[in-house]
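Contents: one structure, followed by commentary.
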C-alpha cells in the first residue's frame, strides 16, 4: 500500500503528527508494534502522574488533622493503586484509537524496517509473519510491504541499563516494573535523581517506603537551577528520603534473604545498604535499533537520530521526531516536533521548536517546574543578571493551602530586562510555569 506519509510509532509525537498530516489532506498511516499512545500513555508520564496522585491523596489523609479533619485506620491498597493507574492509561489509549479512526488514519500493526528510502517492510511484533494481536484496532493492517514519499521515525526511547544493575523484573527494576509493583517494598534504592528517579522516590516514600537516592553528579535534579535543586533536596530529606550525591553504586548483590546489598562509594564514607528493591533511573536511550536506518544511510548523533530543526535526516524523505531525535525527551516537545515536521513536509507556514523555551516539570512532592536558562547557564553566557526570588511563605494562597514551603526564582538580563528563565519549587508549580513560558515567548520584560 502507498501513502503520502507513514509514521513509525504512535506515541505523542507519532499520533499528533499523524493527525496533523491527515488534517492537511495527506494520506497517512501509522505503524505501531505494541500500544497506541506509546510509552507516555502506557508506561510513562501518565501512569506516574496517576500513581503520584494516589500517594498525594494518601499523604493528605494521613495529615488530615493539619486541616481540622479526622480519619481513622488510614491505609492503602497497592493493587488498587496500580489498577487505577492502568485504567487511566487504558482510557487514554482508547482515546488515541478513536482520534486516529476519526481522522481516517490507517493503523498498521507490527514492527517496521526501512528497506530503501520511501519503502518499509512490516513484520509481526512477535516475529511471526501472520500473528495478529487480539486487541489490534478495528480496520488495522498487518505485516506487509508499504511505501510513502515521507517516512517519519517516532520510535521514542527506553530506560538506560547500567552494568551490574541489569533489571531482573523481581528486585532490580526499570520504570516499567516500578509502575506495577506487586507490593510496596519496605526499602528502596533509586539510582539516578532526574525527574524519573525523583518522582518514583516521592511516590514510594509517600506510601511509607524507606527510600535512598544515589546521584553521580553533585546535585539532585541536575537539569534544574542549583538553588531550586538545593531547596527540593532539603524538603525531600525532611520527608525521610536519604540522598547521596556525587556517589555511585559500585556493586549490587543478592543476599540470602533475597534483599539487594548495594555498595555506594563517593564523597563521604562508603556504605552498604540493604533494600528490598532497586530502581535504575539513569536516563533513557533512543530506540534506533532494527529499523533499517543503517541500510539507507541515516546518520546518528550521541545515540539518537541526527535531524535539522524540521526533523529532516540526511536521507531525503526520512525524518525523526520526539525522543529518538534527541533531548529534551519530553512528550509535549515530541508533539510539537510532529506538527512542525508535518507542516514543513506539506509546505505549510511553520517555525522550528525553540528548545530553550520548552518547560519541564517534575511531579514529586514538592513539585518542580522550569523554563529557560538557569542562573549558572545565563552567567556562563557572559550576561549581567538580575535575579528575582519570592518564597511561598509570603504568599497567602500557599499558606491557606498549608503549602508554604516553596520558592519562585526568575532570571533576567540586567541590561534589556529580557526574561531568560524561571524556576519554581513547591505545590502546584507545574500548573504555574506556563505563565513564564508565555512571558518568554511574548518577550515581556
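Residue numbers (this note's numbering): 828 to 1272. Ideal Cβ placement from N, Cα and C applies to all residues, glycine included.
Under DSSP, the beta strand (DSSP E) around residue i begins and ends at which residues?
i: residue 1034; result: Neither: residue 1034 is in no beta strand (DSSP E) and is coded neither H nor E.
i: residue 830; result: 829 to 835
i: residue 1215; result: 1212 to 1218
i: residue 1250; result: 1246 to 1253
i: residue 986; result: 984 to 986
i: residue 1266; result: Run containing residue 1266: none in the beta strand (DSSP E); it sits in the alpha helix (DSSP H), 1260 to 1268.
i: residue 843; result: Unbroken run through residue 843 is the alpha helix (DSSP H), 839 to 850; no beta strand (DSSP E).
Just checking my contact of residue i with residue j at CB under 8 Å: how many whole Å lie between their CB atoms?
i: residue 937; j: residue 858; result: 7 Å
i: residue 989; j: residue 1107; result: 6 Å
i: residue 1162; j: residue 922; result: Residue 1162 to residue 922, Cβ: 14 Å. No contact.
i: residue 1236; j: residue 1215; result: 7 Å
i: residue 842; j: residue 947; result: With 8 Å as the limit, residue 842 and residue 947 do not qualify as a contact, their Cβ atoms being about 18 Å apart.
i: residue 1249; j: residue 1263; result: 4 Å
i: residue 833; j: residue 975; result: 4 Å
i: residue 1099; j: residue 1088; result: 6 Å
i: residue 1184; j: residue 1267; result: 5 Å
i: residue 1133; j: residue 1011; result: Between residue 1011 and residue 1133 the Cβ distance is about 42 Å, and since that is not below 8 Å, they are no contact.
Quick one: is residue i buried, meaning 16 or more other Cβ sit within 10 Å of its Cβ, or exposed?
i: residue 955; result: Since pLDDT at residue 955 reaches only 40, below the 50 mark, its modelled position is unreliable, and no value is offered.
i: residue 957; result: Residue confidence for residue 957 is low, a pLDDT of 33 falling below 50, so the modelled location carries little weight; the figure read from the coordinates is stated next. Exposed, since its Cβ has fewer than 16 Cβ neighbours within 10 Å.
i: residue 888; result: exposed
i: residue 884; result: exposed
i: residue 993; result: exposed
i: residue 1001; result: buried
i: residue 828; result: exposed
i: residue 1254; result: buried
i: residue 912; result: buried
i: residue 1272; result: exposed
Do residue i and residue j have their C-beta atoms within less than 8 Å of each other?
i: residue 1094; j: residue 1069; result: no
i: residue 1113; j: residue 1019; result: no
i: residue 935; j: residue 877; result: no
i: residue 1200; j: residue 1247; result: yes
i: residue 1030; j: residue 1017; result: no
i: residue 1033; j: residue 1152; result: no
i: residue 879; j: residue 916; result: no
i: residue 1205; j: residue 1238; result: yes
i: residue 983; j: residue 891; result: no
i: residue 1171; j: residue 1256; result: no
i: residue 1115; j: residue 1127; result: yes
Alpha helix (DSSP H) containing residue i: first to last residue?
i: residue 921; result: 905 to 929
i: residue 1175; result: Residue 1175 -> no alpha helix (DSSP H), and no H or E assigned at all.
i: residue 1228; result: 1223 to 1228
i: residue 1002; result: 1002 to 1005
i: residue 1234; result: It is not in any alpha helix (DSSP H) - residue 1234 instead sits in the beta strand (DSSP E) that spans 1234 to 1240.
i: residue 875; result: 872 to 889
i: residue 1123; result: 1120 to 1123
ask   = Contact between the stretch 1064 to 1074 and the stretch 1037 to 1053: three or more CB pairs below 8 Å?
value = yes
query = Are the stretch 860 to 874 and the stretch 1174 to 1184 touching, with three or more C-beta to C-beta distances below 8 Å?
reply = no
query = Okay, do the stretch 1074 to 1091 and the stretch 976 to 986 touch, 3+ Cβ pairs below 8 Å being the bar?
reply = no
query = Looking at C-beta atoms only, is the number of pairs between the stretch 1046 to 1056 and the stretch 1188 to 1198 that lie closer than 8 Å three or more?
reply = Touching, yes.
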